Every structure is written in structure tokens, then in C-alpha cells.
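Once you know that position 86 of the sequence shown is 386 in our numbering, the rest is easy, because the numbers rise by one and skip nothing.
Here's the structure we're looking at; comments come further down.
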Amino acid sequence: MALNYESVDFIKVLGERRSCRFYDPERAVEAEKIQAICQAARNASHMGNANCITVTQVTKQETKDEFTKIVSAFNIPMAKMAPVSLVFALDRDKWYNGLPIGLPILFKQGGVNPSHGWSMDNIENSTLPRLTTFPPEIVSYLLSCETGMAMASAQLMATALGLGSCCYAGQGPKIAEVLGFPDSAQFVWAMAIGYPGESVESMGWRERSPYGDIIYAEKFGTPAIADPAVDAELTALGMMGEPSALTPQRLADINAAATKMGLPTRTDENG
Ligand SMILES: Cc1cc2nc3c(=O)[nH]c(=O)nc-3n(C[C@H](O)[C@H](O)[C@H](O)COP(=O)(O)O)c2cc1C
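This is how it looks when you write it as C-alpha cells:
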């Protein structure tokens, strides 16, 4: 077993994470890597430590075949190519039944403390009665954020282990049926995992909104100012870079990967 992440630099991992849409379908993903990715998801932050996020591993061909039919149309090639899909779901029962376990443990372990107003009395007679009577739609809303946190950790672990990944959507109710979800569980998003069929260099840097357009100082809409020296340092560390273009090389890479998979090719930025 070799996870081989001793020399992986976390800041570089942040910079090398991409939504990868071509995979090597012939190269299986090692079981230990899948486990490490799922452990990263499991170790992400959970509200009240109730542990409401589930990951269903889709690896067997027969499950993949069924699953691939019920993902969004433009995700079908990815679902077919990626040797593994992780299906992230939230389970509201784990909120209603897990909070009364998780929150007291958090207190007993010293995670939350009287310094901040926590007590067993407060947990049992105030916090738990309030949180465990939230209606299901509110719980789903809260837990979808928690699922996103788990997915982010999973993606970063996949990157650190030399794997490509991409979140992808599907038909929630049908996915729930095929994978045997209980009524309390709700599909959130799937994640393709596999050895990449396109390189980080080729994928380049994806365009982002300018810093001040989305990062605000004190008041919503007031642009925060990014220090160019910090950005230069982050760039040198491999965390960020200039947005890339659809160069002839990128076009050739896309078409080589698409042709290999028997998928349509493209000619220019318009298609
Ligand atoms: C919650 C979420 C859902 C996404 N769903 C899809 C999807 O259904 N299909 C897809 O091809 N990409 C999907 N993506 C990938 C984004 O489109 C991707 O983040 C975007 O292309 C920016 O590229 P980057 O992730 O490589 O930085 C999703 C990303 C997130 C965070």
C-alpha cells in the first residue's frame, strides 16, 4: 500500500485542484486511495458533530451502468470514463438522531466549553430541543452546506494523491432509488474520481471573478483590496495563476482525449 503523499505541498494541492473531465478508464483507482478520499470527507467539519453526510462508492460495473443512465446528460461521458464515482448525500435522520449524541460528546471532549456558555444543561434543555425540531427542509438546507465541506476535503485529498476529480449532477430521486437511499436521505452531488486523462498544465487556470467583485470589506459590495505582493507569493507557490485560453495546444489535448474515448471533438472556442 503506497499513498505516497509525504512530499505533497498543501498550497500546491490547492492550486492543482481542477474539475477534470477526462479520465483513464483503464487505470483502476487503488482501494486505499478511495478510502483516503472518503476519510477526508468523513473528517471534514460537521454541524454539532452529528455526522449527517454519507458517501456511497460506485465502483462495480453493474452499479456504474445503472448510475450512468441517471446523471445529467453532459455528465454521462465523465461518469462512464471515471473508474469511481462517489455519491454524496445528506441524511436528515442522522441530524435528528445524531445531534443528541454528537453534541454532548463534543462537550465531554472539551470541544465546546463553559467559556463560551456551553453546559450539559444548556445542550439538553435548550440547544437540542431547538435544533432537533427544525423542519426537514431547513435541515436539508443546512446539511447541503456540510456536504459541500466534505466534498471539498475529498477533492483536495484526490488531488494530493495524483487523482483527477469533478463534482457532477444527476437526477436526485432516481439516484436515491437506484442506490437504495432511505426516505431521510437526499442526493446532493456526485464526484467522479480517476487518473486524469488531461493534465493540470493543459487544463490551465480557470477564469474567476476579480477579487474585489466577490470579496468584500466590511459591507456587502465594498471591494476588498488584494495585496499584489501576497498574490505574487501565492502564484510562486503554485496556488494561483493567470486565466488560460483555448490555445491550439489545449484544443489538440481536448481532441486527443475526446478521440481516444470516441467522443465529439471541437474546432474552436465556439465549438
Ligand atoms: C457543487 C458543484 C457542482 C458541479 N457540477 C458539475 C457538473 O454537473 N458537471 C460538470 O462538468 N462540472 C460540474 N462542476 C464543476 C464546475 O463547473 C467547475 O468548478 C468549474 O468548471 C471551474 O473549474 P475548476 O473546478 O477546475 O476550477 C461542479 C462544481 C461544483 C462545485
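A virtual CB, placed ideally from N, CA and C, is assigned to each residue, including glycine.
Computed from a predicted structure; not experimentally measured.
Inset, instruction - Write down the C-beta distance between Ala340 and Ala454 rounded to the nearest angstrom, noting that I regard them as a contact closer than 8 Å. - result: 5 Å
Legend entry - Exercise answer, beta-carbon shell around ligand 1 heavy atoms below 6 Å: Arg318, Ser319, Arg321, Ser372, Asn375, Cys466, Cys467, Tyr468, Ala469, Trp489 and Arg506
Inset, instruction - Put Val530 into one of helix, strand or coil per three-state DSSP. - result: helix
Inset, instruction - Assuming Glu498 contacts Phe322 (C-beta within less than 8 Å), just tell me the rounded distance between them. - result: 5 Å
Legend entry - Candidates Lys519, Gly472 and Gln486: closest to Thr368 by CA position: Gly472
Inset, instruction - In the DSSP assignment, find the unbroken alpha helix (DSSP H) run with Met381 in it and report its ends. - result: Ile376 to Met381
Inset, instruction - Find out if the Cβ-Cβ distance for the pair Ala488, Ile370 is shorter than 8 Å. - result: Reading off the sequence shown, one finds Val at residue 488, where the question assumed Ala. The answer is no: Cβ separation not under 8 Å.
Legend entry - Beta bridge counterpart(s) of Ala373 as assigned by DSSP: None; Ala373 has no bridge partner.
Inset, instruction - Leaving out five residues on either side along the sequence, give the residues of the same chain with a beta carbon under 8 Å from the beta carbon of Val384. - result: Val329, Ile334, Gln357, Val358, Thr359, Ala492, Ile493 and Gly494
Inset, instruction - Check whether the region 413-421 touches the region 375-389, counting contact only when three or more Cβ pairs, one atom from each stretch, lie closer than 8 Å. - result: no
Legend entry - Beta-carbon spacing of Cys320, Cys467 below 8 Å: no
Inset, instruction - On a CA-only basis, which of Asp324, Pro543 and Asn555 is nearest Met381? Give me that one, please. - result: Asp324
Inset, instruction - Measure the Cβ-Cβ separation of Val500 and Glu316 and say whether it is below 8 Å. - result: yes
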